[in-house]
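Peer 1:
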Amino acid sequence: MELLLVILVGVLYSSGIYMMFRRSMVKLLLGLLLLGNGANILIFLMGGLTKGKAPIIDANQTEFLDVYADPVPQALILTAIVISFALTAFAIVLLNKVYSTTGSDDLDSLNIQDLDI
Amino acid sequence: MTTNFILAPILMHMLTAIMLLFFWQRVQAQKVISIIGNSVAFLMCIRLFNLTMEHGHLVLQVGNWQAPFGITFVSDTLSAVMVLLTAIVSLGVGIYSTAGINVSRIKFGYFFIYHFLIMGLLGSFLTGDIFNLYVWFEVVIISSFILLTVGGKKMQMEGAIKYVTMNMLASVIFLTAIGILYGITGSLNIADLAGKVAAIENRGLVTVTSLLFFVGFGIKSSVFPLYFWLPSSYHTPPSAIAAIFGGLLTKMGVYALFRVFTVIFQPDYFTLVLFSVIAILTMFTGALGTINKRNIRRILSYLIVCHIGYLIAGLGLYTELAFAGVVFYLIHDVIVKSNVFMITGVLFKIRETVDMQRLGGLYKDYPKLSFVIAIVLFSLVGIPPLSGFWPKILLFQEAFKDGQFIMLGALIFASFVTLYVIARLWAEIFWKDSPKPLTEEIDHFAPFSLSGKIALVLPIVALAGVSLFIGLNANAIMEVSNRAAHEMMNPTVYINAVLGTNK
C-alpha cells in the first residue's frame, strides 16, 4: 500500500508541475490542484499507515501498548484541504475575471505590461 | 512568562474586521472603525513589546494543552520587534488608506480584508508551531490576493495571476516540507522540533527538508531565482496596498527563514554557502533591475528584491553581529519601504503619473513635502546618520571579518546602485523642470479636503520621523537588535521557555 501511495504522490507532483508549465490558464489551475492533492497524500503517507488501530486507550490502561494510527496527519490534511478549497475557489474566480478582462486564456499574452519599463 | 496578552493584538484586528462587516456600504463609518481598531492594536503591540523586553520570552499554550502537543504562541525579541513594526506600518497605511483608496474599493471590503491581512501577519510572527505558521501564511496570502485584485483593472489582473500562482506554489512546497518534517520527527512544535531534528542520523534527509523550507520561504521573500513575480505585480495595486506588501509581506518570508534556520535547523557548511551565493545573486539582480526602469514603482519593487539580499546575506554569514545587523536592517527597511510606496501614491496624485520622464519640478511646487521625502530617500540609501547606515556597516564588517569578499563586493555594489537610483529619482522628480506645464486638472492632490491631505501626508511624515528616530537613536535600536541576535544564536532559551524545562 505504501508503495502505491509513493508512486501516486510522485505522479501527482510531476503531472502538477508539468501542467503548471503549460500556457493555458486552466491547465495552470489544474496543475496547482494536483500539486495540492499530492502534498496532502504525502502528509498522509508520512504519518505512517496503520490499519484498524484507532488511537483510543483502553479504559483499564494508561498508555498505548500497541501501534496506533496517528491522528495528527489527518487533522493536518483536513486543514490543508479546507485551505486549498478556499484558494482554489478564489483562483477560479480570478482566472474567470482575467479571461473576461483580457479576453485570452494564453498566459503568454499577459506579459504586455512587462515590456514597458 | 505565560500570558494571554500575546493574542490581544491578533484578536483586536479580528474584532475590527468583524465590526467592519456590519458597516459594509458605509464608507465613513468604516474609515473611523478602521483607524480606531488600528490605534488600539498599535497600543497593544507596544505593550506586548514592552512586556517581552521586560520579562524575556512570553509563552502561551493555547487551551492549556502543554507543548509539544498543543499550539504554542511565543513572543521573543525578534517576534516582538516584528509585531511592533507591523503595528506602526499598519496604523500608518491604515490612515493613508482613508484618503488613498477610492470609495468603490472600500465598498468592496478593502478595510475588512486589510485587517485580516494584518491579523495574519501578527499571527505568523507570534506562533510557535510550524503548521500554525502555515495556516497564518495562508490567511495572509488569501487576504493579499484579494487586496491585489480588488478594483479589477486589467494591469492588476495580469500582475495578480503571477502573484497568485507563485504564492500558491510556495504554499504547496512549504506544506510538503512540513509533511516530510512531521514524518521524520513526529512533531510540529518549533521548539520541540529543534531537539528532534538534531537527533536524526540521516543528515542528508534533514538538509533536503531544510532546503524545501528555504525554497518555500524563498519564493515568499523573493530571493534570486524565485523573485520574478514581485516586480511584475507590486506596481499594479494602489499605493497603500503596495506599501503594506512592500514593507511587510516579503519580510514575513525572511522572518520565517530566520526562525526555521536558527531554531529548527542548524545550517551546515553547504547550506551556508548556498545562502551566501543566493544572497549575492539576489543583490546583483535586484540592483541591476532598477537601472533601466522609468516607472518609480517598478524601481522600488526591484529595490525590495535587492535589499532582501542584504537580509539573506546575514543568514549566510551566520554570526551574532551579522544577525544584529539583519534585525536592525529589518527595522529600518520595513518602515522606509512602506513609506516610499506611500510617497509614490502622493506623487501619482500630484502628477497623475509615476513615470520619471513625465515627472518633474516637485521641489518648486511642494518644497516642504519634498524635504520630508528627501529624508526618507536618504534613509533608504543609508547616508549617515540616517537609519540605513548602521546595519549596513555591521554587515560590511562581518562580511570582511569572515573573509567573504565577493559578498562584501556585492553589498557595496548594491549600496552604490541604490545611491545612484535614488539620486536619479531625486534629480528627475524634484529638481528637473516639469516637462509639461502643470494644469489644475492634473493635480489631484490640491483639490483634496484638508482632512484628506492630512490623511495622505501625516503617515509619511510620521514614518519619516520614525526613520529619523531609528537613525539618531541607533544605540537603543542596536541594543534591541543585539538582544534579538543573541537569542537567535542561542535557541536553547527559546526551547526551554516553550517546553517549560529548566524552570
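Residue numbers (this note's numbering), protein chains in the order written: chain A, 1 to 117; chain B, 1001 to 1503.
The C-beta atom is built at its ideal place from N, Cα and C for all residues, glycine as well.
Every value quoted in this text rests on a predicted model; they were computed, and no experiment measured them.
(1) In the DSSP assignment, find the unbroken beta strand (DSSP E) run with F1073(B) in it and report its ends.
(2) Measuring only between beta-carbons, confirm whether M20(A) sits less than 9 Å from chain B.
(3) So which residues on chain A does G1179(B) lean against when the C-beta distance must stay under 7 Å?
(4) Tell me, which residues are paired with L1058(B) by DSSP?
(5) Beta-carbon of L1169(B) versus every beta-carbon of chain A: anything under 9 Å?
(6) With a cut-off of 9 Å, does the C-beta of D70(A) fall near any C-beta of chain B?
(7) Just to confirm my understanding: we take I1375(B), look at its own chain, exclude 5 residues before and 5 after, and list those with CB closer than 6 Å. What are they?
(8) CB L1230(B) to CB I1335(B), shorter than 9 Å?
(9) In chain B, which residues lie with their C-beta within 7 Å of the C-beta of F90(A)?
(10) Would you say S953(B) and L1359(B) are within 9 Å of each other, going by their C-beta atoms?
(11) Hey, is M1(A)'s beta-carbon within less than 9 Å of any beta-carbon in chain B?
(12) Quick one: give me the first and last residue of the alpha helix (DSSP H) that N40(A) is part of.
(13) Spatial neighbours of T1250(B) within its chain, please: CB distance less than 8 Å, with the 5 preceding and 5 following residues excluded, ordered by chain position.
(14) At the level of alpha carbons, what is the spacing between S1124(B) and F1258(B)?
(15) Starting from P73(A), trace the alpha helix (DSSP H) both ways and give me its first and last residue.
(16) So which of N1038(B), M1001(B), L1091(B), I1422(B) has the shortest CA-CA distance to V1074(B)?
(17) Could you tell me which chain A residues have their CB closer than 7 Å to the CB of L1176(B), listed as they occur along the chain?
(18) So, with DSSP's three-state summary, where would you put T1098(B)?
(19) Taking the runs of the alpha helix (DSSP H) that are 4 residues or longer, which of them lie wholly in the region 1102–1175 of chain B?
(20) Checking contacts by CB at 9 Å: is G36(A) closer than that to chain B?
(21) Does the distance from the CB of L1212(B) to the CB of I1264(B) come in under 9 Å?
(22) Tell whether a beta-carbon distance below 9 Å holds between L1060(B) and L1051(B).
(23) Taking 9 Å as the cut-off, decide whether the C-beta atoms of Y1096(B) and A1243(B) are in contact.
(24) Among the residues of its own chain, which have a CB less than 8 Å from the CB of S24(A), if the five just before and after it don't count?
(25) In this structure, does DSSP put N1038(B) in helix, strand or coil?
(26) Verify whether the separation of the beta carbon atoms of S1467(B) and L1386(B) is less than 9 Å.
(27) Which residues does DSSP pair with N1050(B) in a beta bridge?
(28) Output yes or no for whether 9 Å exceeds the beta carbon distance between M1082(B) and V1040(B).
(29) Can you list, in chain order, the residues of the region 1153–1167 of chain B whose Cβ is nearer than 7 Å to any Cβ on chain A?
(30) In angstroms with no decimal places, state the Cα-to-Cα distance between N1473(B) and G1186(B).
(31) Which residues in the same chain have their Cβ closer than 6 Å to the Cβ of L1315(B), if we skip the five residues on either side of it in sequence?
(32) Would you verify that the beta carbon of E1054(B) is, or is not, closer than 9 Å to some beta carbon of chain A?
(33) For F1116(B) versus A1279(B), is the C-beta distance shorter than 9 Å?
(34) First and last residue of the alpha helix (DSSP H) that includes W1426(B)?
(35) Out of curiosity, what's the CA-to-CA distance linking T1077(B) and L1411(B)?
(36) Within 9 Å (strictly less), CB to CB, does K51(A) reach chain B?
Peer 2: The relevant details are as follows:
(1) Here the beta strand (DSSP E) through F1073(B) covers 1072–1075.
(2) It does: the Cβ of M20(A) has a partner Cβ on chain B nearer than 9 Å.
(3) Listed along the chain, the chain A residues whose CB falls inside 7 Å of the CB of G1179(B) are A39, L42, I43, M46.
(4) Within the DSSP bridge table, the entry for L1058(B) names S1075(B) as partners.
(5) Chain A, which has a Cβ nearer than 9 Å to the Cβ of L1169(B), makes this yes.
(6) At least one chain B Cβ lies under 9 Å of D70(A).
(7) Closer than 6 Å at the Cβ level, and outside the excluded window around I1375(B), lie A1464.
(8) In this structure, L1230(B) keeps its C-beta atom at 9 Å or more from the C-beta atom of I1335(B).
(9) Correct list: I1142, F1145.
(10) Nothing about residue 953(B) can be read from this structure; chain B reaches only from 1001 to 1503.
(11) Interface criterion not met: the Cβ of M1(A) is under 9 Å from no Cβ in chain B.
(12) In the DSSP assignment, N40(A) falls within the unbroken alpha helix (DSSP H) covering 25–46.
(13) Hits under 8 Å: K1220, S1221, S1222, L1230, I1304, I1308.
(14) When rounded, the distance between both Cα atoms is 13 Å.
(15) DSSP places P73(A) inside the alpha helix (DSSP H), whose first and last residues are 72–102.
(16) Of the candidates N1038(B), M1001(B), L1091(B), I1422(B), the one whose C-alpha sits nearest the C-alpha of V1074(B) is M1001(B).
(17) Correcting the residue type first, residue 1176(B) is Thr in the shown sequence and not Leu. By Cβ distance, chain A contributes A39, L42.
(18) T1098(B) falls in the helix class under three-state DSSP.
(19) The alpha helix (DSSP H) runs lying completely inside the region 1102–1175 of chain B and spanning 4 residues or more are 1103–1107, 1110–1126, 1130–1149, given in chain order.
(20) Chain B contact via Cβ: present.
(21) No. Outside cutoff.
(22) If you check the CB distance, L1060(B) and L1051(B) do not come in under 9 Å.
(23) Against a cut-off of 9 Å, the Cβ pair of A1243(B) and Y1096(B) comes out as a contact.
(24) Here the set comprises D105, D106, L107.
(25) In this structure, N1038(B) counts as helix in the three-state DSSP scheme.
(26) Yes, the Cβ-Cβ distance between S1467(B) and L1386(B) is below 9 Å.
(27) Partner(s): none; N1050(B) has no beta bridge.
(28) No, they are not a contact pair.
(29) Against chain A - using a Cβ distance shorter than 7 Å - the residues of the region 1153–1167 of chain B are K1154, M1155, M1157, E1158, A1160, I1161, V1164, T1165.
(30) Whole-angstrom Cα-Cα distance: 45 Å.
(31) Only F1275 meet the Cβ criterion.
(32) Not flagged as an interface residue toward chain A: E1054(B), since no C-beta distance is shorter than 9 Å.
(33) No, the Cβ-Cβ distance between F1116(B) and A1279(B) is not below 9 Å.
(34) Boundaries of the alpha helix (DSSP H) harbouring W1426(B): 1405–1426, taken from the DSSP string.
(35) Rounded to the nearest angstrom, the two C-alpha atoms are 26 Å apart.
(36) Not closer than 9 Å to any Cβ of chain B, the Cβ of K51(A) fails to qualify, so no.
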